[in-house]
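Undergrad: Protein chains in written order, with this note's numbering: chain A, 62 to 172; chain B, 62 to 172.
All C-beta atoms, glycine included, are put in the ideal place defined by N, C-alpha and C.
The structure's right below; bear with me while I get my questions together.
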DNA sequence: TGCGTATATTGCTACTTTCGAATATACTGG
DNA sequence: CCAGTATATTCGAAAGTAGCAATATACGCA
């Protein structure tokens with residue numbers, strides 16, 4: 062595979078490599094949401110959320126469309142949720158060992 | 062989903078967020094390889110490869126086993142290749158935009 | 001036009017990542 | 001034990017990333 066394609070893959074992973082941005086993608090699973098709604102659900106600073114949305118936009122993981130006063134965000138391609146689904150299986154298969162190793166995460170994530 | 066689980070996901074994505082590390086995972090698709098073989102195929106500095114392997118090890122994406130003089134690396138879970146496969150479909154679906162973006166990047170860089 | 005709401009950008013600082021060079025560790029054969 | 005090969009770690013500089021506070025931009029409405 063070409064270097065530049067691998068570079069591009071790496072950039073997509075990098076874009077997903079932050080808890081807040083993963084949360085955003087998960088929130089968009091079921092359809093578009095305005096930025097304000099995302100900020101409310103994320104419970105973080107507006108500027109911070111906007112920066113993370115900017116990262117996802119720049120890698121074209123999300124699309125945005127203006128609607129009056131608001132900006133609606135949506136997943137560019139639902140295939141990305143498949144990535145997260147496969148990852149979920151990975152995490153489920155290995156979370157026990159990971160918890161033991163990282164030692165720090167508690168017991169709340171049983172779903 | 063819990064914050065710490067999302068944190069964990071983010072760390073795995075982060076571990077994959079480098080072209081060299083993606084190349085390593087792809088090289089390990091078909092079975093274990095000794096570090097030396099990986100270095101040879103990657104065509105990079107030994108120290109650099111070792112650092113990337115260290116990242117993959119620390120996130121338990123690869124496993125290593127000593128065999129005499131050498132260290133064999135393998136994918137901890139082949140499910141990861143599924144992630145890359147889904148990603149491949151994602152890239153194929155958007156290849157036109159991707160190549161356009163890459164072209165722009167190259168043009169930028171050559172200025 | 002001017003105000004209020006929604007979102008984006010900028011400036012700054014702290015922290016992390018990457019790389020090559022140098023060095024260290026581990027194992028093997030003689 | 002010693003030399004040689006294989007791999008890992010450490011160091012320092014450059015580049016990139018994250019978060020906050022402040023500020024800017026865009027829109028709708030009176």
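Would you kindly check if the distance between the Cβ of residue 69(B) and the Cβ of residue 94(B) is under 9 Å?
TA: For this step, residue 94(B) is matched to residue 33 along the second chain. For this step, residue 69(B) is matched to residue 8 along the second chain. Cβ distance not < 9 Å, so residue 94(B) and residue 69(B) don't count as in contact.
Undergrad: I'd like to confirm the pairing. Which residues does DSSP put opposite residue 127(A) in its beta bridges?
TA: Position 66 of the first chain holds residue 127(A). DSSP, once it has assigned bridges, lists 132(A) as partnering residue 127(A).
Undergrad: Helix, strand or coil for residue 186(B) per DSSP?
TA: Missing from the structure shown is residue 186(B); chain B here goes from 62 to 172 and no further.
Undergrad: Does the beta carbon of residue 91(B) sit closer than 9 Å to a beta carbon anywhere in chain A?
TA: Counting from 1 along the second chain, the entry for residue 91(B) is found at position 30. Not closer than 9 Å to any Cβ of chain A, the Cβ of residue 91(B) fails to qualify, so no.
Undergrad: How long is the line joining the alpha carbons of residue 142(A) and residue 97(A), rounded to whole angstroms?
TA: To locate residue 142(A), count along the first chain from 1; it is residue 81. To locate residue 97(A), count along the first chain from 1; it is residue 36. Using only the alpha carbons, I get a separation of about 22 Å.
Undergrad: So residue 140(B) is in the alpha helix (DSSP H); what residue range does that whole segment cover?
TA: On the second chain, residue 140(B) is found 79 positions in, with the first residue counted as 1. Where residue 140(B) is concerned, the enclosing alpha helix (DSSP H) stretches over 140 to 154.
Undergrad: Given a limit of 9 Å on CB to CB distance, which residues of the segment 68 to 98 of chain B reach chain A?
TA: 68, 69, 70, 71, 72, 73, 74, 75, 76, 77, 78, 79, 80, 81, 82, 83, 84, 87
Undergrad: May I have the straight-line CA-CA distance separating residue 152(A) from residue 120(B), to the nearest angstrom?
TA: Counting from 1 along the first chain, the entry for residue 152(A) is found at position 91. Counting from 1 along the second chain, the entry for residue 120(B) is found at position 59. Whole-angstrom Cα-Cα distance: 12 Å.
Undergrad: Going along the segment 121 to 144 of chain A in order, which residues come within less than 9 Å of chain B, judged by CB to CB distance?
TA: 121, 137, 138, 140, 141, 143, 144
Undergrad: How would you write the range of the alpha helix (DSSP H) that residue 79(A) sits in, first residue to last?
TA: Looking up residue 79(A) in the first chain gives position 18. Taken as a continuous stretch (DSSP letters only), residue 79(A) belongs to no alpha helix (DSSP H), as it is neither H nor E.
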